[in-house]
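A short write-up of the structure that comes next.
2 protein chains.
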Amino acid sequence: MTPLNDTLLRALRREETPYTPIWLMRQAGRYLPEYNRTRSRAGSFLALAQSPSLAAEVTLQPLERFPLDAAILFSDILTVPDAMGLGLYFVEGEGPRFRHPVRDETAVQSLRSPDPDRELRYVTDAVREIRKALQGRVPLIGFAGSPFTLACYMVEGGASSDFATLKRMLYMREDLMHRLLSVTARAVTDYLNAQIAAGAQVIMIFDTWGGTLSAADYNVFSLAYMQQILAGLQADGDGVRVPTIVFTKGGGAWLEAIARCGTDAVGLDWTVDIGRARSQIGGQAALQGNLDPLLLLTDPATIQVHADRILATYGHGPGHIFNLGHGILPTTPPENVAALVDTVHDRSRAFHAAPA
Amino acid sequence: MTPLNDTLLRALRREETPYTPIWLMRQAGRYLPEYNRTRSRAGSFLALAQSPSLAAEVTLQPLERFPLDAAILFSDILTVPDAMGLGLYFVEGEGPRFRHPVRDETAVQSLRSPDPDRELRYVTDAVREIRKALQGRVPLIGFAGSPFTLACYMVEGGASSDFATLKRMLYMREDLMHRLLSVTARAVTDYLNAQIAAGAQVIMIFDTWGGTLSAADYNVFSLAYMQQILAGLQADGDGVRVPTIVFTKGGGAWLEAIARCGTDAVGLDWTVDIGRARSQIGGQAALQGNLDPLLLLTDPATIQVHADRILATYGHGPGHIFNLGHGILPTTPPENVAALVDTVHDRSRAFHAAPA
Numbered sequence: 001m002t003p004l005n006d007t008l009l010r011a012l013r014r015e016e017t018p019y020t021p022i023w024l025m026r027q028a029g030r031y032l033p034e035y036n037r038t039r040s041r042a043g044s045f046l047a048l049a050q051s052p053s054l055a056a057e058v059t060l061q062p063l064e065r066f067p068l069d070a071a072i073l074f075s076d077i078l079t080v081p082d083a084m085g086l087g088l089y090f091v092e093g094e095g096p097r098f099r100h101p102v103r104d105e106t107a108v109q110s111l112r113s114p115d116p117d118r119e120l121r122y123v124t125d126a127v128r129e130i131r132k133a134l135q136g137r138v139p140l141i142g143f144a145g146s147p148f149t150l151a152c153y154m155v156e157g158g159a160s161s162d163f164a165t166l167k168r169m170l171y172m173r174e175d176l177m178h179r180l181l182s183v184t185a186r187a188v189t190d191y192l193n194a195q196i197a198a199g200a201q202v203i204m205i206f207d208t209w210g211g212t213l214s215a216a217d218y219n220v221f222s223l224a225y226m227q228q229i230l231a232g233l234q235a236d237g238d239g240v241r242v243p244t245i246v247f248t249k250g251g252g253a254w255l256e257a258i259a260r261c262g263t264d265a266v267g268l269d270w271t272v273d274i275g276r277a278r279s280q281i282g283g284q285a286a287l288q289g290n291l292d293p294l295l296l297l298t299d300p301a302t303i304q305v306h307a308d309r310i311l312a313t314y315g316h317g318p319g320h321i322f323n324l325g326h327g328i329l330p331t332t333p334p335e336n337v338a339a340l341v342d343t344v345h346d347r348s349r350a351f352h353a354a355p356a
Numbered sequence: 357m358t359p360l361n362d363t364l365l366r367a368l369r370r371e372e373t374p375y376t377p378i379w380l381m382r383q384a385g386r387y388l389p390e391y392n393r394t395r396s397r398a399g400s401f402l403a404l405a406q407s408p409s410l411a412a413e414v415t416l417q418p419l420e421r422f423p424l425d426a427a428i429l430f431s432d433i434l435t436v437p438d439a440m441g442l443g444l445y446f447v448e449g450e451g452p453r454f455r456h457p458v459r460d461e462t463a464v465q466s467l468r469s470p471d472p473d474r475e476l477r478y479v480t481d482a483v484r485e486i487r488k489a490l491q492g493r494v495p496l497i498g499f500a501g502s503p504f505t506l507a508c509y510m511v512e513g514g515a516s517s518d519f520a521t522l523k524r525m526l527y528m529r530e531d532l533m534h535r536l537l538s539v540t541a542r543a544v545t546d547y548l549n550a551q552i553a554a555g556a557q558v559i560m561i562f563d564t565w566g567g568t569l570s571a572a573d574y575n576v577f578s579l580a581y582m583q584q585i586l587a588g589l590q591a592d593g594d595g596v597r598v599p600t601i602v603f604t605k606g607g608g609a610w611l612e613a614i615a616r617c618g619t620d621a622v623g624l625d626w627t628v629d630i631g632r633a634r635s636q637i638g639g640q641a642a643l644q645g646n647l648d649p650l651l652l653l654t655d656p657a658t659i660q661v662h663a664d665r666i667l668a669t670y671g672h673g674p675g676h677i678f679n680l681g682h683g684i685l686p687t688t689p690p691e692n693v694a695a696l697v698d699t700v701h702d703r704s705r706a707f708h709a710a711p712a
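These protein sequence lines are chains S and Z, in that order.
Be aware that the first sequence starts at 1, since it is given in this note's numbering, and climbs by one per residue.
Be aware that the second sequence starts at 357, since it is given in this note's numbering, and climbs by one per residue.
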């Protein structure tokens, strides 16, 4: 069923829209006081992510404040390895950890792809609740981490400044790394198909750490597995193909390769010149991005200058989804988000006017 | 005076060499037990960097172990802002800090460019000592941080995960940021000219944080000031132009712009495909790089496979200086460095043989 505001879906198909749609990575998050209240109520981040009704509640919060053109499922990329048995937990102020990191042959061989309708039921339940609550206002984006990005956390057991343990495995035990990535790609595919079956209308893959690889290794260890996932996605309940977005942070030098992986849109971090990206791959994919999230710590006038610049650099015509170049920062004043959304909606109309 | 081993100088001029020269960023450092002994003797990192004789001692240490094709001055990029009065100090395990960060109009306006022969005399004295100790074996590389990279530390007062304070200044007070960068560029130019006058035979500019900027801002706030510095460098005592290397970590998407800034060589981080870089800018500049430093944590066989791959990807002919894609890690086993240097010297000969 087409949502009332289908601007995002049309931009993903590179069809004309009256203005440039906008949503923001991590738009449901700590910069919103109402999010922090719900999170306190839940007791922890994990309890919040695992409660379908609370996840639905926070997913809707930014839409109550700002006229955003999409909702994105509130969840975490690490739900998948958690369901694979790694035991996700959070240390306050230090980020995610796994009780059972995957570091040797035995651990890799015993990995299994979970049944998303059982072990990740809380996510598909959240998708269903959100769709109901949205009442077709805007499309709902489902998402997952890329197999390589998940592998980074699975092998390191948490965040890392250089992923030394992972890279040793990748360089010295290529076979093990491929086995790990294959099982994870299967798990992500099943997970995303379950999100689609539950009602996700767009799918985004977050490849946060692919940009730490060499160009050759990126193709083999990250992009190939995202391509495999995209090829395995099923149509929605009405038999309609669900559009996709692939975002590799730090992938600005590899856009041509990314655009060939079968995705409808390519996410750009803020370092990329979106005009150059359009001339490189605009004929093959829509582009999503790419304001520096730190700009949201300035003021409305400054935000407008830089949003204008991105709109003008992309130029006239369809195929642009406005977003940040990375997730919104917890220190962002909500009024600056309001200013950005209004600016993009207002100023982008000039770039979508029918040519004279 | 041409050093006995002038392979690096010839590669920088893209002249034929019998093999690919190699040196390693941070080759004098904590992975060497003899370095740690000298540092203990000095009492602190800063005392080591500020003692010309100890700085000379550690500069020579890697050359005693490995047949490297260059020496690089042992120093720190933050000596310049320290000489500008910011008060550099180090907190054990937490990196560099400044007592007087530059955060407001008054602080920026009162910045002055130091006299390198006075306030940075310990560096030029070290350069002279090293040149004497080297006895013309290999060329000595002098260096400085890029104005933008120095500004990151000057404004933040130390390392930062996202440079939020700096970026707020850059976005909201462009005028102040340019004033800060201008004074710093002047200071860096004078500093590098003093290193050249003291005997530095190659100059490298490290732009560690330029890659955190948008493409447009990179040109305006980082590349333009490096270009200004290169244009202000003086010839050596014999009237010979000193060759230069510019390295922007994370600058892989901007190589064409970097190659046009007047540098002889462009440093590449490990994410860049060096074959593609050569086809993009090999006609304008030599290329330096670009093995992932984490490969030095594996074993000689794995190192050889990846070094071979970089040599083959660059291909036949001159203009390649082998290096890592970033500084050597403190956990690197020295025997792996030996394996890398030998591999590159040995295997690269096939790429420099006269065509049949």
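The beta-carbon is built from N, C-alpha and C at its ideal position, and this holds for glycine as well.
#1: Contact criterion: CB-CB distance below 8 Å. Does S:Y171 meet it with respect to chain B?
#2: At a CB-CB cut-off below 7 Å, which residues of chain S make contact with Z:V628?
#3: Suppose the cutoff is 6 Å on Cβ atoms and the five residues either side in sequence are ignored; what does the same chain contact list for S:L12 look like?
#4: What is the rounded straight-line gap between the Cα of S:L120 and the Cα of S:N290?
#5: Compute the Euclidean distance between the alpha carbons of S:A185 and S:I229, then round it to the nearest angstrom.
#6: Could you round the C-beta distance between Z:V414 and Z:L536 to whole angstroms and report it? I think they count as a contact, below 8 Å.
#7: For Z:G593 and Z:L360, I'd like the C-alpha separation in whole angstroms.
#8: I'd like the list of long-range same chain contacts for S:G142, defined as Cβ closer than 6 Å, with 5 residues on each side in sequence excluded.
#9: Would you mind telling me which residues of chain S sit closer than 9 Å to Z:A520, beta carbon to beta carbon, in chain order?
#10: Below 7 Å on C-beta distance, what does S:T248 contact in chain Z?
#11: Identify the contact partners of S:K132 in chain Z, using a Cβ-Cβ distance below 8 Å as the criterion.
#12: Considering S:P300, what are the terminal residues of the alpha helix (DSSP H) in which it resides?
#13: Between S:G232 and S:T189, how many whole angstroms is the CB-CB distance? I'm expecting something under 8 Å.
#14: Which same chain residues end up closer than 7 Å to S:M25 when comparing Cβ atoms and leaving out the 5 residues on each side of it in sequence?
#15: If S:Q288 sits next to S:T343, beta carbons under 8 Å apart, how far is it from one beta carbon to the other, in whole angstroms?
#16: Beta carbon of S:D299, beta carbon of S:R347: below 8 Å?
#17: If you run the structure through DSSP and keep just helix, strand and coil, what is S:L140?
#18: Who are the near neighbours of Z:A411 in its chain, counting only those whose CB is closer than 7 Å to its CB and skipping five residues on each side?
#19: Sorted by chain position, which residues of the same chain lie with C-beta nearer than 7 Å to S:P114's C-beta, five sequence neighbours on each side aside?
#20: Note down, in chain order, every chain S residue with its Cβ under 7 Å from the Cβ of Z:G567.
#21: Which bits of chain Z does S:T302 rub up against, with CB to CB less than 7 Å?
#22: Below 8 Å CB to CB, which residues in the same chain sit around Z:G618 once its five sequence neighbours on both sides are set aside?
#23: So Z:I561 and Z:V602 are supposed to be a Cβ contact under 8 Å. How far apart are they, rounded?
#24: Say whether chain Z places a C-beta atom closer than 8 Å to the C-beta of S:R278.
#25: Tell me whether Z:L653 sits in a helix, a strand or coil according to DSSP, three-state version.
#26: Identify the residues that DSSP records as bridge partners of Z:F454: which are they?
#27: Per DSSP, S:M204 is paired with what?
#28: Please state whether the Cβ-Cβ distance between Z:L611 and Z:A633 is less than 8 Å.
#29: Do the stretch 62-71 of chain S and the stretch 36-48 of chain S meet, that is, are 3 or more Cβ pairs less than 8 Å apart?
#30: Using a C-beta cutoff of 8 Å, does S:L24 count as contacting chain Z?
#31: For S:F163 versus S:G210, is the C-beta spacing smaller than 8 Å?
#32: For my contact list, Z:G514 and Z:F454 are in at a C-beta cut-off of 8 Å; report their separation, rounded to the angstrom.
#33: What residue does the beta strand (DSSP E) around S:H320 start on, and which one ends it?
#34: Please list the terminal residues of the continuous alpha helix (DSSP H) segment that includes S:Q36.
#35: Which word fits S:Y89, buried or exposed, when buried means at least 16 other C-beta atoms lie within 10 angstroms of its C-beta?
Concretely, from the data shown:
#1: No chain B appears in the structure shown, which is made up of the protein chains S and Z.
#2: Within chain S, the residues A215, A253 have their CB atoms less than 7 Å from the CB of Z:V628, given in chain order.
#3: These residues qualify, in order along the chain: P243, D264, A265, A286.
#4: Inter-residue distance for S:L120 and S:N290 is about 31 Å (C-alpha atoms, whole angstroms).
#5: When rounded, the distance between both Cα atoms is 6 Å.
#6: Wrong, their Cβ atoms sit about 31 Å apart, outside the cutoff.
#7: Cα to Cα, Z:G593 sits roughly 18 Å from Z:L360.
#8: A distance below 6 Å between beta-carbons, with the five flanking residues on each side excluded, links S:G142 to the following residues of its chain, in chain order: L73, Q195, A200, I203.
#9: L294, L297, L329, T331, listed in chain order.
#10: Correct list: empty, because the minimum Cβ distance to chain Z is about 11 Å.
#11: None at all; the shortest Cβ gap to chain Z is about 37 Å.
#12: Its alpha helix (DSSP H) spans residues 300-314.
#13: Contact annotation, S:G232 with S:T189: C-beta distance approximately 4 Å; criterion of less than 8 Å satisfied.
#14: Leaving aside the five residues that flank S:M25 on each side, the residues in its chain whose CB is nearer than 7 Å to its CB run, in chain order, N323, L324, H326, G327, I328.
#15: That belief does not hold up - the Cβ atoms of S:Q288 and S:T343 are roughly 17 Å apart, past 8 Å.
#16: With respect to the 8 Å criterion, S:D299 and S:R347 are not classified as neighbours on the basis of their beta carbons.
#17: For S:L140, the three-state secondary structure derived from DSSP is strand.
#18: L404, A405, F430, S431, A482.
#19: These residues qualify, in order along the chain: A83, M84, L120, A187.
#20: Ordered by position in chain S, the residues that pass the 7 Å Cβ test against Z:G567 are T271.
#21: For a Cβ distance threshold of 7 Å, residue set Y527, M528 of chain Z lies close to S:T302, ordered along the chain.
#22: The residues are Q583, L586, A587, T600.
#23: Sure, about 5 Å apart at Cβ, within 8 Å.
#24: Cβ-Cβ to chain Z under 8 Å: no for S:R278.
#25: Here DSSP, grouped into helix, strand and coil, assigns Z:L653 to helix.
#26: DSSP lists Z:L444 as partners of Z:F454.
#27: The partner list for S:M204 (beta bridge, DSSP) reads S:F143, S:I245.
#28: Cβ distance < 8 Å, so Z:L611 and Z:A633 count as in contact.
#29: Touching, no, given that fewer than three Cβ pairs across the two stretches are closer than 8 Å.
#30: False, the Cβ-Cβ gap to chain Z never drops below 8 Å.
#31: Not a contact, by the Cβ cut-off of 8 Å.
#32: About 7 Å separates the beta carbons of Z:G514 and Z:F454, which is inside the 8 Å limit, making them a contact pair.
#33: Where S:H320 is concerned, the enclosing beta strand (DSSP E) stretches over 320-324.
#34: What sits at residue 36 of chain S in the sequence shown is Asn, not Gln. Taken as a continuous stretch (DSSP letters only), the alpha helix (DSSP H) holding S:N36 covers 33-42.
#35: Answer is exposed; the Cβ neighbour count stays below 16.
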